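Under this note's numbering, the final residue of the sequence shown carries the number 429; numbering is consecutive throughout.
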Amino acid sequence: MQVVRARSAGFCLGVSLALRRLDLELDRAGGERKAEKKPYHVFARQGRLITLGPIIHNPLVMQEYIERGVICEEDCRGVGPGDRVVIRAHGIPRDVEARLMASGATLIDATCPKVKKAQVSIGNEHAKGGFLLLFGEKDHPEVRGLLSYAGNRAMVFGDLRELADLPLEAGRMYFLAAQTTQDRGLFLQAGKYLRKRLGRTVSTLNTICDATRDRQQEVIDLAGKVQAMVVVGGLNSGNTRRLAEVARANGLVTIHVEQANDITPKLAAGTFAGIALVGLTAGASTPEKHIHAMQAYLESI
Ligand code: SF4
């Protein structure tokens with residue numbers, strides 16, 4: 129098959145920066161490089177190197193870091209003095225940050241600058257008395273972090289139907305924001321819906337990241353040219369899943385897998401029969417080597 133690869137496929141700025149921070153911490157801890165096939169079990173001197181939750185949503189990348197000695201903790205209860213804790217690209221809620229500071233651990237903040245900007249902007253609107261309406265996945269770590277900057281004056285909705293179900297009060301000073309990886313078109317529709325429902329324009333924070341928009345737009349552009357789409361990246365990655373949704377919504381037969389090895393002969397036969405030109409894209413947390421391997425595989429079919 130011929131493959132058309134999206135130019136934007138792969139790591140975004142926030143993911144690159146977060147992984148660079150973690151690599152720097154690994155280097156600081158010293159020890160052998162991964163190339164020598166030895167993990168970094170040298171943390172006894174400096175405390176453990178921990179990420180609070182996966183540093184990015186890509187299980188394969190996370191597994192490589194675990195093999196190098198990084199510990200992935202799901203909550204901050206086990207963190208103590210001497211530990212070094214890297215805050216992931218999605219950021220963390222304010223109360224978790226406060227508990228980490230009180231734990232005696234050293235914090236290394238690898239929150240994406242764009243997520244940080246969204247947190248600060250929400251905090252500023254909240255300080256002015258605003259009530260947040262957040263477009264996002266309510267259980268996503270980034271969303272939990274963003275909500276924490278709005279105190280108890282916040283509600284979250286995952287789609288326009290959920291927005292319509294929210295109990296809004298006419299006199300409240302609402303402001304609208306979105307998880308950085310949400311669909312811009314739906315976000316605009318949410319603003320229009322609120323204007324109609326409340327009879328006034330609701331202040332809106334532009335928190336959707338361009339990296340997400342560019343990746344989604346490229347999929348839309350490719351949809352007119354290719355016959356099918358392959359999306360590579362973490363199945364737990366919101367922005368990657370949305371690339372697959374955008375491809376499907378634009379009429380493409382689409383598969384979303386974490387690596388080329390995940391495409392079974394049955395899946396390949398069912399997806400690529402009669403296909404000569406396939407599009408290839410990847411989420412913002414997908415390493416280049418996985419995209420490259422997928423391209424080589426698709427070209428070999
Ligand atoms: S997608 Fe955007 S907001 Fe999210 S980590 Fe990447 S650069 Fe940051």
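Glycine residues also receive a C-beta, built at the ideal position from the N, C-alpha and C atoms. It should be emphasised that the depicted structure is a prediction, and the values quoted were computed from it without experimental measurement.
Spatial distance of residue i from residue j (CA atoms)
{"i": "Val98", "j": "Arg328", "result": "Lying outside 129 to 429, the shown extent of the chain, residue 98 is not represented and no answer is given."}
{"i": "Ile81", "j": "Ser413", "result": "No statement about residue 81 is possible, as the shown extent of the chain runs from 129 to 429 and does not include it."}
{"i": "Gly181", "j": "Leu333", "result": "27 Å"}
{"i": "Ile403", "j": "Val131", "result": "11 Å"}
{"i": "Ser144", "j": "Leu150", "result": "10 Å"}
{"i": "Val330", "j": "Pro221", "result": "25 Å"}
{"i": "Arg289", "j": "Val406", "result": "34 Å"}
{"i": "Val358", "j": "Pro187", "result": "18 Å"}
{"i": "Arg369", "j": "Thr382", "result": "11 Å"}
{"i": "Gly319", "j": "Asp342", "result": "21 Å"}
{"i": "Gly411", "j": "Ala356", "result": "17 Å"}
{"i": "Ala146", "j": "Val189", "result": "12 Å"}
{"i": "Arg216", "j": "Asp203", "result": "13 Å"}
{"i": "Asn378", "j": "Thr234", "result": "46 Å"}
{"i": "Val309", "j": "Thr340", "result": "The sequence shown places Thr at residue 309, rather than the Val named in the question. Approximately 6 Å, taken between the alpha carbons."}
{"i": "Lys245", "j": "Ala397", "result": "45 Å"}
Reduced DSSP category for residue i - H, G, I as helix; E, B as strand; rest coil
{"i": "Tyr302", "result": "strand"}
{"i": "Cys436", "result": "Only positions 129 to 429 of the chain appear in the structure, and residue 436 is not among them; the question remains open."}
{"i": "Phe315", "result": "helix"}
{"i": "Ile178", "result": "strand"}
{"i": "His418", "result": "helix"}
{"i": "Met283", "result": "strand"}
{"i": "Arg133", "result": "strand"}
{"i": "Leu408", "result": "strand"}
{"i": "Val207", "result": "coil"}
Residue environment, residue i, which counts as buried when at least 16 other CB atoms sit within 10 Å
{"i": "Ala238", "result": "buried"}
{"i": "Met229", "result": "exposed"}
{"i": "Lys242", "result": "buried"}
{"i": "Ile348", "result": "exposed"}
{"i": "Asp311", "result": "buried"}
{"i": "Pro393", "result": "exposed"}
{"i": "Leu316", "result": "exposed"}
{"i": "Asp211", "result": "buried"}
{"i": "Arg196", "result": "buried"}
{"i": "Gln120", "result": "As displayed, the chain neither begins before 129 nor continues past 429, which places residue 120 out of reach and without an answer."}
{"i": "Val224", "result": "buried"}
{"i": "Ile422", "result": "It is Met, not Ile, that sits at residue 422 in the sequence shown. Buried, by the Cβ-count rule."}
{"i": "Gly279", "result": "exposed"}
{"i": "Gly362", "result": "buried"}
{"i": "Val284", "result": "buried"}
{"i": "Leu461", "result": "Absent from the structure is residue 461, since the part of the chain shown begins at 129 and ends at 429."}
C-beta neighbour in chain B for residue i, strict 8 Å
{"i": "Gly366", "result": "Judged by its chain identifiers, the structure shown contains no chain B, having just a single protein chain."}
Next item on the list: For the ligand SF4, enumerate in chain order all residues having a CB closer than 5 Å to any of its heavy atoms.
Entry: Cys140, Leu141, Gly142, Ala217, Cys240, Lys242, Thr308, Cys337, Ala339, Ala412
Next item on the list: At 3 residues or longer, and completely inside the segment 323-384: list those beta strand (DSSP E) runs for me, N to C.
Entry: 356-360
Margin query: Just to confirm the assignment: which complete alpha helix (DSSP H) runs, minimum length 4, are found wholly within the segment 216-270?
Written below: 222-230, 241-255
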